[in-house]
Amino acid sequence: MDLEKFLADFADIFDETDASEIKADTQFHYLDEWSSMSGMAVIAIVKSIYGKEITGEDIKKCDTVNDLFELVKNK
Amino acid sequence: MFIKAISYYLPSQTLTNEELIKQFPEWSVEKVVKKVGVNERHIAAADETAGDMAFKAAQKLFAEYNISPETIDFVLFCTQSPDYFLPSSACILQHKLGIPTSAGAFDYDLGCSGCVYGMAVAKGLITAGIAKNVLLLTAETYTKYLHPQDKGNRSIFGDGAAACLISTEGFAEIGGFVLGTNGSGYDNLILKTGAARQKNLTGIESTDENGNIRRDDYLYMNGGEIFNFTVDVVPNLLVNVLEKNNITKDRIDYYLFHQANKYMLSTIRKICNIPQEKFYINLEKTGNTVSSTILIGLRDCIDSKIITSGMNVLIAGFGVGLSYGGTVLKM
């Protein structure tokens, strides 16, 4: 799994947040646009692109986008 | 089988975001409303039922397209808010609309997938030679099922009705259908009390895993589960609808899905790799009107020339049941 690709996929769930704001160390819960619906979109994207299932609880435990990346990688 | 006419009716009273913010000053309403994509919703009057709204939508249809009610030989009415437990509201509408007594009529109980199912049933009736001119009506008053403090659902749902004439000729040929059901998720979008399983109100309130309050006596939606169901079934539904209609994805000119909420639609669009300019998202002035969103969208797109003659339009509905379906309309 490629981190750069994951960052781009993650950035794609947002409509207003620019992709340049999404880095490995971004604490995504603090993004203005982040909401519970973003969590659902992450679950959907991870499932459709990476074929892996993660839960809302999993996402809550992650702090940075890199944490998410590791989570998906190790699923 | 063709769609020959589409009209819709929205109640005059509206609930704007400004009014919602006044009621929920603690709420970051702008953020959520931006997500759901709704600026105002129409709200049925206290004494106005889904049946009343369906009546008005049908009358509009007859007037706008110069259709005589005498030509209608079947009435299908999709609602989860019938006037009575019995009889079928469709029977009352037959009489009120001046449709001949030789017409068949019945209600069916579906929500967000209801428009697609109605078209499928109408096509079946016409193909089998049972009817020639089917009046498909959809109407919902979900706002009457919402708890006043349920700000999430109050921001999403609006009331409305639509009427559609399905006939042996018209402007949109109705293609092959793919339908599906997953009843294991029945309690993810539910109003538990008042019907046979639990006739009396319980007053029970609990908090679900997302921190939303679940009330037996009001409409409850587990947004996360509905979101999961949708992103799970819609990509496959698209593939199957294309296959059923023997058409490739690049020949679909426009996608018009049930208008659930903006953010969910936008996520579906992304995971299905549909270009933005081919994908309809418009709930600003209506909210999610449940079974009427697709017909309202079709009429608006035809009026604004987003959908024009010669186009292939893929429609899909999904939600309460849980139930889903799709088809291709050749304009």
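Heads up: the sequence lines are chains A and B, in that order. If you're matching positions, the first sequence starts at 1 in our numbering and goes up one per residue. If you're matching positions, the second sequence starts at 1001 in our numbering and goes up one per residue. By construction, the Cβ of each residue, glycine as well, lies at the ideal position given by its N, Cα and C atoms.
Relative to the alpha-carbon of residue i, which residue among the options has its alpha-carbon at the smallest distance?
| i | options | result |
| --- | --- | --- |
| Asp-25/A | Phe-14/A, Asp-15/A, Leu-7/A and Glu-33/A | Leu-7/A |
| Gln-1080/B | Gly-1114/B, Gly-1152/B and Ile-1204/B | Gly-1114/B |
| Asp-1303/B | Glu-1064/B, Gln-1059/B and Thr-1049/B | Glu-1064/B |
| Leu-1076/B | Ala-1139/B, Gly-1224/B, Tyr-1254/B and Lys-1034/B | Ala-1139/B |
| Asp-9/A | Glu-16/A, Leu-71/A, Val-42/A and Asp-67/A | Val-42/A |
| Met-1221/B | Asn-1188/B, Phe-1229/B, Asp-1250/B and Ile-1092/B | Asn-1188/B |
| Lys-1380/B | Asp-2/A, Met-37/A, Ser-48/A and Asp-32/A | With chain B covering only 1001 through 1331, there is no way to say anything about residue 1380/B. |
| Lys-1199/B | Asp-1217/B, Met-1053/B, Val-1234/B and Thr-1141/B | Asp-1217/B |
| Gly-1185/B | Tyr-1324/B, Tyr-1117/B, Asn-1273/B and Thr-1168/B | Tyr-1324/B |
| His-1258/B | Tyr-1108/B, Val-1121/B, Gly-1180/B and Cys-1112/B | Cys-1112/B |
| Asn-1153/B | Leu-1242/B, Asn-1133/B, Lys-1035/B and Ala-1162/B | Lys-1035/B |
| Lys-1285/B | Asn-1246/B, Gly-1317/B and Asp-1159/B | Asp-1159/B |
| Asp-32/A | Met-40/A, Asp-15/A, Ile-45/A and Val-46/A | Asp-15/A |
| Glu-1243/B | Leu-1136/B, Leu-1314/B, Glu-1225/B and Pro-1025/B | Leu-1314/B |
| Val-1234/B | Leu-1201/B, Ser-1292/B, Cys-1272/B and Ile-1252/B | Cys-1272/B |
| Phe-1171/B | Phe-1318/B, Lys-1022/B and Asn-1312/B | Asn-1312/B |
| Ile-1006/B | Arg-1251/B, Asp-1232/B and Leu-1165/B | Leu-1165/B |
Which residues does DSSP pair with residue i in a beta bridge?
| i | result |
| --- | --- |
| Leu-1137/B | Phe-1077/B and Ala-1163/B |
| Ile-1003/B | Ile-1166/B and Ala-1172/B |
| Lys-1330/B | Glu-1173/B and Asn-1312/B |
| Glu-1018/B | Answer by DSSP bridge pairing: none, since Glu-1018/B is not bridged. |
| Thr-64/A | Gln-27/A |
Listing by chain order, which chain B residues have their CB less than 9 Å from the CB of residue i?
| i | result |
| --- | --- |
| Ile-43/A | Gly-1224, Phe-1227, Asn-1228 and Val-1231 |
Please compile the residues from chain A whose C-beta is within a distance smaller than 9 Å of the C-beta of residue i.
| i | result |
| --- | --- |
| Thr-1267/B | Ile-13, Met-37, Met-40, Ala-41, Ala-44 and Ile-45 |
| Pro-1100/B | By Cβ distance, chain A contributes nothing, its closest Cβ being about 48 Å from Pro-1100/B, past 9 Å. |
| Pro-1235/B | Ser-48 |
| Tyr-1263/B | Asp-15, Ser-35, Met-37, Ser-38, Met-40 and Ala-41 |
Strictly below 8 Å CB to CB, what residues from chain B border residue i?
| i | result |
| --- | --- |
| Ser-20/A | Chain B residues near Ser-20/A: none, gap ~19 Å exceeds 8 Å. |
Tell me which residue opens and which closes the beta strand (DSSP E) that residue i is part of.
| i | result |
| --- | --- |
| Val-1178/B | 1178 to 1181 |
| Phe-1106/B | 1104 to 1108 |
| Tyr-1255/B | 1254 to 1257 |
| Arg-1214/B | 1213 to 1215 |
| Arg-1041/B | 1040 to 1042 |
| Glu-1209/B | Run containing Glu-1209/B: none; DSSP gives neither H nor E here. |
Give me the chain A residues within the contact set of residue i, using Cβ-Cβ distance strictly less than 7 Å, ordered along the chain.
| i | result |
| --- | --- |
| Lys-1411/B | Nothing in the structure corresponds to residue 1411/B, since chain B is present only between 1001 and 1331. |
| Lys-1270/B | Asp-12 |
First and last residue of the alpha helix (DSSP H) that includes residue i?
| i | result |
| --- | --- |
| Ser-1155/B | 1151 to 1156 |
| His-29/A | Element bounds for His-29/A: n/a, residue is neither H nor E. |
| Thr-1293/B | 1293 to 1303 |
| Thr-1127/B | 1114 to 1127 |
| Ile-48/A | Note that residue 48/A is Ser in the sequence shown here, rather than Ile. Where Ser-48/A is concerned, the enclosing alpha helix (DSSP H) stretches over 36 to 50. |
| Ser-1184/B | That residue, Ser-1184/B, is in no alpha helix (DSSP H); it is neither H nor E in DSSP. |
| Ser-1266/B | 1262 to 1271 |
| Thr-1230/B | 1223 to 1244 |
| Glu-1064/B | 1050 to 1064 |
| Ser-1089/B | 1089 to 1096 |
| Glu-4/A | 3 to 11 |
Report yes if the C-beta of residue i is less than 6 Å from at least one heavy atom of the ligand GDP; otherwise report no.
| i | result |
| --- | --- |
| Asp-1083/B | Of the ligands one can find in the structure shown there are none, so the ligand GDP has no counterpart to examine. |
- Message: Measuring CB atoms only, is the stretch 1124 to 1139 of chain B touching the stretch 1148 to 1155 of chain B, in the sense that at least three cross pairs come out at less than 8 Å?
- Response: The stretch 1124 to 1139 of chain B vs the stretch 1148 to 1155 of chain B: no contact.
- Quick check: the stretch 1260 to 1267 of chain B against the stretch 1279 to 1287 of chain B, are there 3 or more CB pairs under 8 Å? yes
- the stretch 1207 to 1215 of chain B / the stretch 1230 to 1238 of chain B touching (three or more Cβ pairs under 8 Å): No contact exists between the stretch 1207 to 1215 of chain B and the stretch 1230 to 1238 of chain B.
- Message: For the structure I just gave you, are there three or more beta carbon pairs, one from the stretch 1173 to 1190 of chain B and one from the stretch 1289 to 1308 of chain B, closer than 8 Å?
- Response: no
- Message: For the pair the stretch 1098 to 1105 of chain B and the stretch 1057 to 1071 of chain B, tell me if three or more CB-CB distances fall below 8 Å.
- Response: Remark: three or more beta-carbon pairs, one from each stretch, lie closer than 8 Å, so the stretch 1098 to 1105 of chain B and the stretch 1057 to 1071 of chain B are flagged as touching.
- Item | Given 8 Å, three or more beta-carbon pairs between the stretch 1006 to 1020 of chain B and the stretch 52 to 69 of chain A | no
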